[in-house]
Amino acid sequence: MYDVLVIGAGPAGVTASIYTKRANLKVAVFEGNVPGGQLVNYSEIENYPGVKSFSSIELATDMIEHMSKLDIEVKYEKVTKLEDHGSYKTVSTDFGSYDTKAVIIATGNVPRKLGVENEEQLAYNGISWCAICDGPIYRDKDVIVVGGGNSAVEEGYYLSTFAKSVTVVQNLDRLTAEAKANEKLIQQPNVKVYYETLVDKFLKDDKGLTGATLKDKDGKTFDVFADGVFEYVGMIPVTDFVKHLGITTNYGYITVNEKMETKIPGILSCGDVNDKQIRQVVTAAGDGAVAAQNALKYLESLH
Ligand SMILES: Cc1cc2nc3c(=O)[nH]c(=O)nc-3n(C[C@H](O)[C@H](O)[C@H](O)COP(=O)(O)OP(=O)(O)OC[C@H]3O[C@@H](n4cnc5c(N)ncnc54)[C@H](O)[C@@H]3O)c2cc1C
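Take 0 as the starting number for the sequence shown in numbering that gives the first Met the number 0 and just add one per residue.
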């Protein structure tokens, strides 16, 4: 029987595992993809205190090293179900079931899709959700970035440093990232932004993506040709495996109090998967520490 099982090895889960391990608890972390979470999907972090500009991949690597230095057990298994049996919980994966006294959920978010024509057929074959992974393929080529928030603006800028052109398609009448990031992007000579414009459908030929049909606010459609598309239109929480527990909001986020406790004793949750205001590395790590501390308090209350 474990003391604590942490689900997800992004910044929140890694922090929770460090704090619980350092409290001498028997802990393991489940990771269904690669450790580091969303950190492995982008490039620079410029808003983490003390590090003016830092590679997010490097931060992910350092986090993994930190876990390994503390001998934290990582199970590379995707959790498919979490069950509550009162004094203990069961975490299930395709490889087995594990009993634990407490659970910390830290499964974060995954990118939302647009749901337009040809998107499914071109997914990962022309359309990407990760500029750092797939961007280099488009050196000296034309790309479209869909979205106008922090992720779209930051990744659009990154792409503009080596792509031939970057066309940004934003549904609102302005970009909504941090002012500094917006400025940096629109000053790039190879960037064009279409405001109040939507993607109507993606275009393809027998080799793959050729561009997109866009629709402006008057309903007029026009085609933009491109070799690649990067979508940044929001995220959805990963909570399918806890739907039956009644701890999520209508939007699928997990409801917690300020101690990161759900309404089920012994099940805590931290990071982007929670119903909260700001989803950033610094807040995810903070939540992870709070969840760990209160998991410890919960375990003490069992004695
Ligand atoms: C493009 C982009 C740019 C960003 N830029 C910045 C920035 O500049 N500064 C900043 O502070 N933040 C930035 N963020 C946000 C930041 O990365 C997140 O707030 C942070 O990663 C959240 O951490 P987390 O641990 O809560 O979740 P995540 O990072 O989403 O990690 C969750 C982990 O759980 C795993 N997981 C999910 N489901 C399961 C399951 N069923 N079983 C096992 N494992 C599972 C996932 O594989 C993942 O590794 C950016 C995000 C994106 C997408």
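From the three backbone atoms N, C-alpha and C, an ideal C-beta is built for every residue, glycine too.
From a predicted model like this one, the values you see are computed outputs, not experimental measurements.
How should residue i be labelled, buried or exposed, when 16 other C-beta atoms within 10 angstroms of its C-beta is the threshold for buried?
i, result
"Asn293", "buried"
"Lys179", "exposed"
"Val142", "buried"
"Ser55", "buried"
"Arg278", "buried"
"Leu301", "exposed"
"Asp205", "exposed"
"Leu4", "buried"
"Phe306", "The question about residue 306 has no answer here: the residues shown for the chain are numbered 0 through 302."
"Ser49", "The sequence given here places Gly at residue 49; Ser does not occur at that position. Flag for Gly49 reads exposed."
"Thr261", "buried"
"Asp2", "buried"
"Glu230", "buried"
"Tyr157", "buried"
Tell me whether the beta-carbon of residue i lies closer than 8 Å to the beta-carbon of residue j.
i, j, result
"Gly147", "Gln169", "yes"
"Val272", "Tyr252", "yes"
"Leu208", "Leu121", "yes"
"Val144", "Ala176", "no"
"Val289", "Tyr47", "no"
"Lys20", "Leu58", "no"
"Gln187", "Ser159", "yes"
"Phe29", "Val78", "yes"
"Ile131", "Tyr193", "no"
"Ala27", "Cys269", "no"
"Leu295", "Ala11", "no"
"Tyr18", "Ala283", "no"
"Asp222", "Thr238", "no"
"Tyr137", "Asp217", "no"
"Lys163", "Lys140", "yes"
"Pro195", "Leu171", "This sequence places Glu at residue 195; Pro is not what is there. For Glu195 and Leu171, yes; Cβs fall inside 8 Å."
Quick check: is the beta carbon of residue i nearer than 8 Å to any beta carbon in chain C?
i, result
"Ile56", "Within the model displayed, chain C is absent; a lone protein chain is all it includes."
Is residue i near ligand 1, going by C-beta to nearest heavy atom under 7 Å?
i, result
"Gln120", "no"
"Glu45", "yes"
"Asp274", "no"
"Tyr231", "yes"
"Gly12", "yes"
"Gly146", "no"
"Asn40", "yes"
"Asp271", "yes"
"Phe29", "yes"
"Arg278", "yes"
"Glu153", "yes"
Among the options, which residue has its Cα nearest to the Cα of residue i?
i, options, result
"Gly303", "Asp98, Ala290, Lys179", "Residue 303 falls outside the range modelled here, since the chain spans only 0 to 302, and no answer is possible."
"Ser16", "Ala130, Tyr156, Ile71, Asn189", "Ile71"
"Lys100", "Ile263, Asp226, Asp286", "Ile263"
"Val228", "Gly95, Glu118, Val90", "Glu118"
"Asp274", "Leu197, Ala284, Ile235", "Ile235"
"Cys129", "Arg138, Lys163, Val39, Asn189", "Val39"
"Tyr75", "Gly36, Arg111, Asp61, Lys51", "Gly36"
"Ala8", "Thr254, Lys163, Asp61, Lys203", "Asp61"
"Gly107", "Thr220, Glu260, Gly31, Lys200", "Gly31"
Can you determine whether any heavy atom of ligand 2 sits closer than 7 Å to the C-beta of residue i, and answer yes or no?
i, result
"Asn256", "Among the ligands in the structure shown, ligand 2 does not appear; only ligand 1 can be found there."
Checklist entry - Do the segment 237-246 and the segment 73-84 make contact, defined as three or more Cβ pairs closer than 8 Å? => result yes
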